[in-house]
Every structure is written in structure tokens, then in C-alpha cells.
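S.K.: After the C-alpha cells below, expect a handful of questions from me.
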Amino acid sequence: GEDVEQSLFLSVREGDSSVINCTYTDSSSTYLYWYKQEPGAGLQLLTYIFSNMDMKQDQRLTVLLNKKDKHLSLRIADTQTGDSAIYFCAETPSGGYNKLIFGAGTRLAVHP
Amino acid sequence: DAGVIQSPRHEVTEMGQEVTLRCKPISGHNSLFWYRQTMMRGLELLIYFNNNVPIDDSGMPEDRFSAKMPNASFSTLKIQPSEPRDSAVYFCASSFIGGYTFGSGTRLTVV
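Just so you know, the sequences run in chain order V and H. Numbering-wise (our numbering), the first sequence opens with residue 1 and increments by one. Numbering-wise (our numbering), the second sequence opens with residue 1001 and increments by one.
Structure follows, in C-alpha cells:
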């Protein structure tokens, strides 16, 4: 089946690192994605990782993929107040057509 | 590129009325997706098209919902008749290969 699970809430202090975790069920997913949604806006693609990689770094963002455990994480270094948003994990299950299955989203709150 | 364009941004309608949401995907993208977002159910995939053809509409809640894509640059999502429980933010997204580009959404309120 297709299912993506995330914790719903994370609170961090400004300047600390944030780690948002996600588990997925489809082991044949080709790509896994992280999206960011700010209040009143649509979802914005943050980063993605191909299933044959185990890590990808992009400036303050680090994505770690553990295929054996079907676990994906997003680490944000030096978290800023502007990072406060909802972060969605998504997978592309087998079957083509680029269909994405999203988790429920993790609300990140950054406090001074 | 103007991105994925949705209209209207906000819609308030009375129960029983017909509602039509519109989406213009990014030129060159061959897949289009309609999602609904609510606090209770999160992001739900309603229907998606590939090369203008509906591929999977299993997420459409009931027969009151219908979607069309008459050409590569336009899609509609229609609710007839609308009900208060349809109140949500409806997103359209398009893609070619890989990640989606989302529109800003239509916030629908049915009173």
C-alpha cells in the first residue's frame, strides 16, 4: 500500500538544527521529496533525493535516506524564523505518471 | 514562467450551488493533479491527468465532483451541488518529470 507518515509538530530554537522525520511504505519509490508550505501558500519543492542515494546536501538542507528502514529525514542547519512552515514528505509509488503521495506534514515552529 | 495559475483565489458560495475551480498548468508539463487540503484529512489527491487523459480519479469523493482537461493548458474541477463539507483549499499542480509545481490554491467556503 501507499502510506507516508510524519510527526505532526516540531519546535526548535533559532540557530539550532531541525530534524524532520518521515517513513514511507513503497520500497520501489524512485524519488522522495520534501516540500515546504508557508501560511496561505501552495507547496514549494525544497529538495528531493533519488532512491539510489543515501544522502544529499543543499546549502542548509541535508536529506538522509535509509532504504532498508524506509526512513527519510530532512535536517535544517542554523534554523531561522523564516523556516517556520509545514514540511511535507512525499514519495512516488511505482506505477508511473509521477503520482505523489504526501505525508500529513510536520509543522515546524522556530522560537527565539 | 508564471507558474501554475489557479482561479479564483477565494470562493464563497451557498450550499447547493455549483462551483468551478480553474487551473492553468505550466507550459510543457504533461501531468496535472488536483489536491484538496483540510485540517482533518491533510492533502488528498483527487484526480490526475497525463497528456490530458484522466488516469486515476479514485480520490474524487463522490459523484458531485467532476474534473476535465480539454487541452494541455487548462483544467477545471467542478462541484455540483456543493456542500459545507467541501470547504477546503483546492490545489492544482503540474509536472513533467519529477517534482510538482503547485498553484497557490483556491480557498473554497461553502456556507
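Think of the CB as a built atom: it goes at the ideal place given N, C-alpha and C, for glycine as much as any other residue.
Can you say whether D78/V is buried or exposed, counting buried as having 16 or more other CB atoms within 10 angstroms of its CB?
M.R.: On the first sequence, residue 78/V is found 78 positions in, with the first residue counted as 1. When all chains shown are included, D78/V counts as exposed.
S.K.: Beta-carbon within less than 7 Å of N1050/H's beta-carbon, same chain only, minus the 5 sequence neighbours each way: which residues are those?
M.R.: Counted from its first residue, the second sequence places residue 1050/H at position 50. Contacts found: N1030, S1031.
S.K.: Along chain H, in chain order, which residues have C-beta atoms closer than 9 Å to that of K99/V?
M.R.: As a first step, residue 99/V is located in the first sequence; it is residue number 99 there, counting from the start. By Cβ distance, chain H contributes S1031, F1033, L1045, Y1048, I1055, D1056.
S.K.: Given that a residue counts as buried once 16 or more other Cβ atoms are within 10 Å of its Cβ, and exposed if not, what is A1002/H?
M.R.: One-based indexing of the second sequence puts residue 1002/H at position 2. Classification for A1002/H: exposed.
S.K.: Quick check on S38/V: buried or exposed, where buried means 16 or more other Cβ atoms within 10 Å of its Cβ?
M.R.: Here residue 38/V corresponds to residue number 38 of the first sequence, with the count starting at 1. The identity of residue 38/V in the sequence shown is Glu, whereas the question assumes Ser. Classification of E38/V: exposed, given that the 10 Å Cβ count is below 16.
S.K.: Could you have a look at P1025/H and say whether DSSP puts it in helix, strand or coil?
M.R.: In the second sequence, residue 1025/H corresponds to position 25, counting from 1. P1025/H: coil per DSSP, three-state reduction.
S.K.: I'd like the span of the beta strand (DSSP E) that includes R107/V, first residue to last.
M.R.: Sequence index remark: in the first sequence, residue 107/V carries index 107 (1-based). Where R107/V is concerned, the enclosing beta strand (DSSP E) stretches over 106-111.
S.K.: Mark T1109/H as exposed unless 16 or more other C-beta atoms lie within 10 angstroms of its C-beta, in which case mark it buried.
M.R.: Taking the first residue of the second sequence as 1, we reach residue 1109/H at position 109. When all chains shown are included, T1109/H counts as exposed.
S.K.: Sorted by chain position, which residues of the same chain lie with C-beta nearer than 6 Å to A112/V's C-beta, five sequence neighbours on each side aside?
M.R.: For the purposes of this step, residue 112/V is taken as residue 112 along the first sequence, with counting starting at 1. The sequence as given places Pro at residue 112/V; Ala does not occur at that position. The residues are E14.
S.K.: Kindly list the residues whose CB is nearer than 7 Å to the CB of L46/V, restricted to its own chain and excluding five residues on each side of it in sequence; keep chain order.
M.R.: Locating residue 46/V in the first sequence gives position 46, where the first residue counts as 1. The answer, listed in chain order, is W34, Y35, K36, L61.
S.K.: Keeping to the same chain, check which residues put their C-beta closer than 6 Å to that of L1077/H; ignore five residues upstream and five downstream.
M.R.: What you label residue 1077/H is simply residue 77 of the second sequence in a count that begins at 1. Counting only Cβ-Cβ distances below 6 Å, and skipping sequence neighbours, we find L1021, W1034, A1067.
S.K.: Nearest CA to the CA of S1075/H: which residue from S1058/H, D1063/H, A1093/H, S1082/H?
M.R.: Position 75 of the second sequence, counting from 1, holds the residue named residue 1075/H. Of the candidates S1058/H, D1063/H, A1093/H, S1082/H, the one whose C-alpha sits nearest the C-alpha of S1075/H is A1093/H.
S.K.: Please give me, in chain order, every unbroken run of the alpha helix (DSSP H) with length at least 4 that falls completely inside the stretch 1043-1102 of chain H.
M.R.: Runs found: none.
S.K.: Could you give the distance in angstroms between the alpha-carbon of C1023/H and the alpha-carbon of S1007/H?
M.R.: Here residue 1023/H is taken as the residue at index 23 of the second sequence, counted from 1. Here residue 1007/H is taken as the residue at index 7 of the second sequence, counted from 1. C1023/H and S1007/H: Cα-Cα distance of roughly 7 Å.
S.K.: Does G1028/H get closer than 7 Å to chain B when you measure Cβ to Cβ?
M.R.: Looking at the structure shown, chain B is missing, and the protein chains on hand are V and H.
S.K.: D54/V: which of K99/V, N66/V, Y48/V, L10/V sits nearest, CA to CA?
M.R.: Start at 1 with the first residue of the first sequence, and residue 54/V comes out as number 54. Here the closest residue by C-alpha is N66/V.
S.K.: Measuring only between beta-carbons, confirm whether G1105/H sits less than 7 Å from chain V.
M.R.: Locating residue 1105/H in the second sequence gives position 105, where the first residue counts as 1. Interface residue, yes.
S.K.: Would you kindly check if the distance between the Cβ of D83/V and the Cβ of V63/V is under 7 Å?
M.R.: As a first step, residue 63/V is located in the first sequence; it is residue number 63 there, counting from the start. As a first step, residue 83/V is located in the first sequence; it is residue number 83 there, counting from the start. Result no, Cβ atoms of V63/V and D83/V do not sit closer than 7 Å.
S.K.: Could you list which residues in chain H have their beta carbon closer than 7 Å to that of Y33/V, in chain order?
M.R.: Here residue 33/V refers to the residue found at position 33 when the first sequence is read from its first residue. G1099, listed in chain order.
S.K.: Give me the residue from L10/V, A104/V, L74/V with the minimum Cα distance to Q57/V.
M.R.: Translated into the one-based positions of the first sequence, residue 57/V becomes position 57. For Q57/V, the nearest C-alpha among the options comes from L74/V.
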